[in-house]
Structure formats: structure tokens, C-alpha cells
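Residue numbers (my numbering): 479 to 946. For glycine and all other residues, C-beta sits at the position ideal for the given N, C-alpha and C. Just below is one structure, and these are the notes that go with it.
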């Protein structure tokens with residue numbers, strides 16, 4: 479018996495010795511990588527072992543920095559914990575009572591939005607089609623467009639003003655259609671000084687820009703987007719006559735106006751007469767009878783665009799929805815963030831002095847540390863293990879991570895799985911990333927490549943088999 483215990487202790491000490499050696503080697507390798515980061519940059523880094531709770535490596539782990547899109551890890555974890563995998567958004571056409579006599583709805587009808595980020599125009603078409611199937615030919619009352627499920631601003635504070643017209647910064651309103659984006663191609667004219675043309679992907683959506691772009695052979699031709707009274711935007715500048723068509727991806731500037739126009743058109747096309755007006759707001763009465771309904775996919779499917787495609791609209795809408803579902807009041811950025819602090823904070827996430835203002839990471843007012851991100855990932859692992867939607871459907875068994883980028887910012891957080899299937903949890907936030915200026919285009923490309931190489935090398939170092 480003593481001999482067996484002696485052998486067992488020997489094996490244990492040998493294993494511990496080799497583990498300690500491996501940890502020391504990893505720390506040296508990570509220190510070398512971090513030491514090679516660009517001068518003037520700042521970082522917050524932590525690597526942790528969920529099995530032991532041991533911090534393997536950290537530098538500036540509690541420094542609050544701008545996280546960019548890696549913040550979506552917090553949003554997804556919060557949403558899955560609060561809403562659950564059976565959650566769906568519901569969009570409804572409702573009225574006062576059972577109405578239909580001779581194909582007429584007597585009284586108001588409301589189109590009640592839920593903040594569903596996956597809602598498309600085709601879904602509204604289907605809702606109106608359900609009216610036709612019920613035999614409804616006429617609405618003798620007003621049509622209300624009810625977006626009261628959300629309150630406050632459609633965009634968080636701290637979003638760059640020059641991003642607001644771009645699709646990736648589309649407004650996270652309760653009324654969402656096709657991600658509140660519209661697309662087209664800008665084509666040059668054939669002659670110097672001639673007008674350009676825009677071919678829209680969906681011209682029947684009543685979304686357009688005031689195109690004032692001219693065809694000119696200038697070296698420094700630029701496009702500028704400005705506000706417009708009658709259209710979504712005014713597009714100015716110039717484009718070379720030899721230029722290929724330029725892809726345009728705009729955010730919808732006035733969501734309520736867009737939905738109002740579209741619903742009027744759809745009712746007319748489907749042959750449903752509207753005797754009243756189309757009004758944006760909530761009617762001052764209960765409308766309990768459901769005429770038509772659309773349900774979104776379940777939450778795990780809705781989280782795919784958040785984590786895989788880094789969709790800002792989905793992220794912010796889901797955060798607001800969390801606020802609505804937990805408070806029973808109209809959702810907002812503030813109520814969603816308050817829920818994050820209460821729920822995740824109560825599960826061991828140390829938000830400390832973190833500042834969160836949105837769910838997407840698009841705002842530069844967000845500040846969070848690597849330590850807090852690791853806490854979120856640690857909670858996710860302890861709560862669901864590999865059964866979470868993002869880990870169960872990951873592309874590679876060796877690794878899962880979320881990245882974030884904006885000017886001067888690069889971040890990454892996730893899990894690197896060891897040969898025994900157990901992960902290391904990590905978070906890296908880099909700020910102040912700028913090459914020596916002035917920098918040529920080639921120098922900027924080389925600088926960005928160096929940051930990507932750092933990220934790959936960091937992940938590879940965490941993998942004992944180097945498969946990352």
C-alpha cells in the first residue's frame with residue numbers, strides 16, 4: 479500500500495513539474511509577444527484556466543479599454559441567460575374585437591413591432607396576406623404603427639457621426655425592416671462632368687438619396703454623405719469615368735417614415751382599403767384581437783448574426799429586448815445594461831469600473847477590461863459548457879473566439895481547447911494602435927498585418943498542439 483502511494487505521489491509530482499514548466503514556457507512566450515506590440519499602444523490581457531480558476535497570464539488585466547465588437551460576447555451571454563433558447567420575437571396586426579363582417583374591420587388596427595432584428599419586408603407582406611385570407615377587404619379606422627416596446631435613442635451615445643449613414647450603424651429602433659438598410663450601385667457617366675446614376679437593389683422600397691455626384695477625372699475624388707430634407711441622404715462628390723460601379727450600403731435615416739410608406743403601398747397592392755390614416759404611435763385603447771402574426775426564429779439562431787457576422791443591429795436590439803423582458807417597461811440601452819450588471823454581476827462577473835453604453839461595441843464610450851470579459855466567458859463555460867449555441871456550432875473544435883476592430887482598436891476573446899478537451903479562457907484588448915505617421919497605404923497594410931500576426935501567434939501559443 480505504501481509502495482502504491484509512493485508511486486502515485488511520484489507520478490503526481492512529475493505531472494505537476496511538467497505542468498509548471500509548460501506554464502512557465504507559455505508565460506515567457508506570451509511576454510515576448512506582448513513586448514513586441516507597437517510603441518504607444520496600451521493593452522489589457524488575461525488568460526485563465528476554468529478547471530483550476532488559476533490565472534495563467536495577465537498584463538493590464540483590469541485596465542478599462544475600448545472593446546469594439548468583442549463586447550458582443552457580453553450581450554450574447556446575457557441574452558441566452560435571461561431570454562433562454564425558446565425565446566422568439568412576435569410581430570402582430572391587432573384590432574379591438576372580432577371584426578369581420580362583409581370583409582370590413584370596424585375600428586383601428588395596430589401593427590405592433592417587437593424590435594425583431596430579423597424582420598423583413600416579406601414578413602410584412604405575409605401579414606397583410608393573412609388579412610386577405612381572413613377575407614378582410616377594408617379597414618374602417620386608422621392603422622397605428624406601434625413601436626412602443628423600445629424607448630430612448632435608436633443609437634447609443636459615442637457612435638462616430640461619420641458612421642451614422644452606413645448600414646453597419648443602422649438605428650436599433652423597435653421598427654426594423656431588412657436590418658434598416660438599403661443598397662445600390664453608383665455608376666459613373668460616360669462623359670467628363672456628366673451626372674452619375676444609382677441603381678437601387680429594391681427601388682420599390684421608397685428609399686433613395688439625392689444624388690449630386692459628378693463624373694470627373696480628378697485624382698482626389700471623394701464621396702460625401704450629408705443630410706437631406708426630402709430623401710434619406712444627399713450624396714455629393716465625384717467619381718472617375720473609368721471607375722467601376724461603387725457599392726452603396728446606407729442605413730435608413732427615418733425608420734418611421736419608411737415603414738409608413740411601405741405599409742400604405744402594401745395595403746394598396748394587396749387590395750385592402752384603408753379608410754383612416756397611418757399613424758405612428760400607440761392607440762389609446764386595448765386592441766386584444768390578433769388578426770395576423772409573424773414569429774421570428776428562436777434565440778440561438780438570432781445569436782448567430784451577433785457572434786458570427788458581428789451584426790450591430792441584432793446586438794443592440796437584443797440588448798434592449800433584455801431590458802424590456804426583465805423590467806416590463808419599454809426597453810432601452812440603459813435598461814439592458816442595468817440587467818447585465820444585475821444578472822451577470824450576480825453570477826460572478828466583476829464589472830467593477832466598466833462602462834457599457836450599448837450591446838454591439840460600436841460606441842467609443844464603452845470601456846471594459848480583459849478581466850471582466852474573461853469573467854463573462856468563465857460564467858458561460860460553467861453554465862452551459864459546450865452546449866451554448868456558439869460553442870456547439872463552432873467551426874473548429876480547437877478554438878472559438880470573437881474579434882473586434884475599429885480605428886486604433888483590436889480585440890479578441892474566447893476559448894482555446896487543449897488536447898484533453900478543456901479550454902483556456904482568454905481576452906485581449908489593444909488600444910492606441912497607430913503606425914508612425916504619415917504612413918503610406920502599404921505601410922498601413924503592413925501595420926494591420928502585424929496586428930493580425932500577433933493575434934494568431936497569441937492563440938497558437940495557448941494551444942499545446944499549435945493547431946490554432
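Would you identify the three-state DSSP class for residue 648, choosing helix, strand or coil? coil
Distance check for residue 604 and residue 730, CA to CA, integer angstroms please. 22 Å
What's the gap between the Cα of residue 702 and the Cα of residue 681? 22 Å
Let me make sure I understand the geometry here. Which of 714, 528, 747 and 909 has the alpha-carbon closest to that of residue 861? 528
Taking the beta strand (DSSP E) that residue 663 falls in, what are its first and last residues? 659 to 665
At the level of alpha carbons, what is the spacing between residue 783 and residue 792? 7 Å
Inter-residue Cα distance where the pair is residue 727 and residue 660: Distance between the alpha carbons of residue 727 and residue 660: 6 Å.
For the segment 885 to 915, list the alpha helix (DSSP H) runs that are entirely contained and at least 4 residues long, ordered along the chain. none
Rounded C-alpha distance that separates residue 851 from residue 891: 7 Å
Leaving out the 5 sequence neighbours to the left and right, which residues in its chain are closer than 6 Å to residue 533 when beta-carbon positions are compared? 526
Between which two residues does the alpha helix (DSSP H) holding residue 849 run? Where residue 849 is concerned, the enclosing alpha helix (DSSP H) stretches over 848 to 862.
So what does DSSP say about residue 589, is it helix, strand or coil? strand
May I ask you to report which of helix, strand or coil DSSP gives residue 795? Of the three classes helix, strand and coil, the one that applies to residue 795 here is helix, per DSSP.
Would you call the segment 764 to 784 and the segment 560 to 569 touching, i.e. three or more CB-CB distances under 8 Å? yes
Three or more beta-carbon pairs under 8 Å between the segment 872 to 892 and the segment 540 to 558, yes or no? yes
Does the count of Cβ pairs from the segment 692 to 699 and the segment 708 to 720 closer than 8 Å reach three? yes
Less than 9 Å between CB atoms is the rule here; does residue 752 satisfy it with respect to chain B? Considering every chain present, this structure includes no chain B. It has just one protein chain.
Please look up how many angstroms separate the CB atoms of residue 827 and residue 857, rounded, as I've assumed it's under 8 Å. 6 Å
Residue range of the alpha helix (DSSP H) that includes residue 602: It spans 599 to 611 - the alpha helix (DSSP H) in which residue 602 sits, taken as one unbroken run.
Let me check understanding here. Comparing Cα to Cα, which of 652, 557 and 630 lies closest to residue 589? 652
To the nearest angstrom, how far is the alpha carbon of residue 712 from that of residue 575? Cα to Cα, residue 712 sits roughly 45 Å from residue 575.
Enumerated in chain order, which unbroken segments of the alpha helix (DSSP H) with a length of 4 residues or greater are wholly contained in the segment 522 to 577? 550 to 561
Where DSSP assigns a beta bridge to residue 881, which residues make up the other side? 890
DSSP bridge partner residues for residue 688 (one or two, in chain order): 712
Taking the alpha-carbon of residue 889 as reference, which of 634, 904, 690 and 816 has the nearest alpha-carbon? 904
For residue 729, the residue or residues it bridges with in DSSP: 659
Endpoints, the beta strand (DSSP E) within which residue 702 is located: Bounds of the beta strand (DSSP E) holding residue 702 are 701 to 704.
Contacts around residue 736, its chain only, beta-carbon distance under 6 Å, and the 5 residues preceding and following it disregarded: 730
Rounded distance between the beta-carbons of residue 853 and residue 844, thought under 8 Å: So it is not a contact: roughly 16 Å between Cβ atoms.
For residue 721, three-class secondary structure by DSSP: DSSP places residue 721 in the coil class of the three-state scheme, outside both helix and strand.
Along the alpha helix (DSSP H) that carries residue 925, what are the first and last residues, could you check? 919 to 940
Going by DSSP, what residue range makes up the beta strand (DSSP E) through residue 622? 621 to 624
Would the beta-carbon of residue 570 fall within 9 Å of that of residue 803? no
Given residue 751, which residues of its chain have a CB within under 6 Å of its CB, disregarding the five upstream and five downstream residues? 616
Under the three-state DSSP convention, the category residue 820 falls into: In this structure, residue 820 counts as helix in the three-state DSSP scheme.
Going by the beta-carbon positions, is the gap between residue 707 and residue 691 smaller than 9 Å? no
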